[in-house]
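To keep things clear, I will list the structure first and then write my remarks on it.
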Amino acid sequence: MANEIPWQVEMIRRGPDRPVTAYFRLLSPAGECVGAFAHRLKNRVTFHEFMSGADIAAVEVDTGDPDALISARVRRCNWRNGLRRDLSRLLDRLRRPAPALPDTARIAPFKPEGVATTSASPLVSIIIPTRDRTGLLAAAVETLFEKSNWPQLELVIVDNGSVEPESFAFFDRLRAMANVSIIRQDEPFNFARLINAGARAAQGEVLALLNNDVEARSPDWLEPLVRLAIDPRVGAVGAKLLYENGTIQHAGIMLGIRGLTSHAGVGRPADDPGPYAMLTTTRRVSAVTGACLLTRRDVFEELGGLDENFVIEFNDVDYCLRAGAKGYAVIYAAEPMLLHKEGATRQARPLREQEVQDRSLFMRRWGRALVDDPYYPPDLTLCDESLSPAEG
């Protein structure tokens, strides 16, 4: 277990009628114990189920481990609240103290150089999975495709079982347009599989993965993103996304927030630079959201596309981390700013079993990466998305 994630965990049941107690030791990348605490589980569950969302009743403990530098005391919590918060605080303490000057390597501007495609203006394939919700899709197609001024562009719609007459009428209109393909995937929702199917049908050297609830705000939205994507050093590019109220929804993905991942800049004004101007600087990040992700076909094929084991969540983050592991840069582009009507397609609700499985797989594969995001300033907190100073 310790080889997969940065926590060493011991589960003990002291009798058949006694609850299971989980003793946590937080390990540094060097394997040193830097913190410890314990929790009593309501039910007997596997560790990865526990880490991925199982409710727990916490017991206040003092660690007797002489190697522990910190002990966390949590009186009541579940995974999304207290436990994540305390893991994040431990991670805050684990990371090195804030430098006297900003750690500019983590927030340095990135400028594109070179062209890895056959042309400086390659064919770009926009891939949009969808199911009904014609109003959303029509706005996406109009702003992202029909009004785009990019010279070589195709649209691939991946229809995941639409049933409404309005959808079929809209698809018929699209088929009459040049450079449009519509493929049908009648199977249970799997975002990664839908994207991979769209990529196989696409002809472009650059793939633009987009949600059906994303809209462009100007015809030249593709220009800065493609310029970055065709740089041979780059594996993936993501745009700044805004909520309908004009605040930031995505400015890159940060690792380790609340013990998992989160978007940078959430809820801040669109022009807010954030600490070290990290929200208004085109720069390297660990990951970007699949709601708007550009990647070259050669990189996509080298990585084997999105991992279809991540059915709903983390397929985008996993793709970016695998690209990074291959030596490619993942870039957050501060311009352009696109509109993301997040929540219009999938309403807020409790985690489903598949989402728990996705999170469990992500923790097993990438848990150690959450200890220290190389592109997140070390003096900022991991407890939430506020970008406020870490607790000392």
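Residue numbering for the sequence shown follows full-length UniProt numbering, starting at 1 and increasing by one per position.
Positions of the beta carbon are idealized from the N, C-alpha and C atoms, including for glycine.
If you're wondering where the values come from, they're calculated on a predicted model, not measured in any experiment.
Looking at the DSSP output, Tyr332 bridges to Gly238, Arg283.
Per DSSP, the beta-bridge partners of Ser125 are Glu154, Leu207. By a beta-carbon distance limit of 8 Å, Ala270 contacts Met337. Their separation comes to about 6 Å.
Gly267 has its alpha-carbon roughly 27 Å from the corresponding atom of Thr295. Secondary structure at Gln249: strand, using DSSP grouped into helix, strand and coil. Taking 8 Å as the cut-off, the beta carbon of Ile248 is found no closer than this to the beta carbon of Leu209. Take Arg233, set aside five residues on each side of it, and the residues of its chain with a beta-carbon closer than 8 Å to its own are Glu113, Gly114, Tyr328, Ala329, in chain order. For Val288, the three-state secondary structure derived from DSSP is coil.
When the alpha-carbon of Val299 is set against those of Phe191, Tyr332, Gly235, the nearest one is in Gly235.
With contacts defined by Cβ atoms closer than 8 Å, Ile331 and Ala287 do not form a contacting pair. By the Cβ neighbour-count rule, Phe168 is exposed, with fewer than 16 other Cβ atoms within 10 Å of its own. Asp307 is positioned such that its CB atom lies closer than 8 Å to that of Asp318. Pairwise C-beta distances place the segment 155–167 out of contact with the segment 217–228, as fewer than three of them are shorter than 8 Å. Taking C-beta atoms as the reference points, Ile312 and Asp384 fail to come closer than 8 Å. Gly259 and Asp373 have their alpha carbons spaced roughly 12 Å apart. If you draw a straight line from the Cα of Phe314 to the Cα of Ser360, it is about 10 Å long. Here Pro109 is bridged, per DSSP, to Arg283. Taking the C-beta atoms as reference points, Pro377 is found nearer than 8 Å to Ile107.
Under the criterion of beta carbons closer than 8 Å, Leu144 and Asn179 do not qualify as touching, at roughly 13 Å. In this structure, the CA atom of Ala120 is about 13 Å from the CA atom of Leu222. Our two residues, Gly305 and Leu382, have alpha carbons roughly 30 Å apart in a direct line. Excluding the 5 residues flanking it on each side, His250 has same chain C-beta neighbours closer than 6 Å at Leu241, His263, Thr289, in chain order.
Shown here, Leu382 sits in coil according to DSSP, grouped into three states, outside any helix or strand. Val214 and Leu387 do not touch by the CB rule: their CB atoms are close to 24 Å apart, not below 8 Å. Taking C-beta separations shorter than 7 Å and ignoring five residues to either side along the sequence, the partners of Asp186 in its chain run Gly161, following chain order.
DSSP places Ile195 in the uninterrupted alpha helix (DSSP H) bounded by 191–201.
Annotation: Arg173 to Ser181 spans about 12 Å, alpha carbon to alpha carbon.
Closest in C-alpha terms to Ala192, from the list Lys326, Asp272, Pro129, Lys341, comes Pro129. Between Ala334 and Thr282, the C-beta spacing is below 8 Å. The DSSP assignment places complete alpha helix (DSSP H) segments of no fewer than 4 residues inside the segment 136–180 at 165–175, in order along the chain.
Beta-bridge analysis with DSSP links Leu339 to Glu215, Leu242. Following the DSSP letters along the chain, one finds Ser119 in no beta strand (DSSP E), marked with neither H nor E.
The beta carbons of Ala216 and Leu207 sit no closer together than 8 Å. Inter-residue distance for Pro273 and Glu164 is about 43 Å (C-alpha atoms, whole angstroms).
Excluding residues up to 5 positions away in sequence, Gly252, Val330, Tyr332, Tyr375 lie with their Cβ nearer than 6 Å to the Cβ of Val285 in the same chain.
Taking the Cα positions, Ala138 is about 43 Å away from Asp379.
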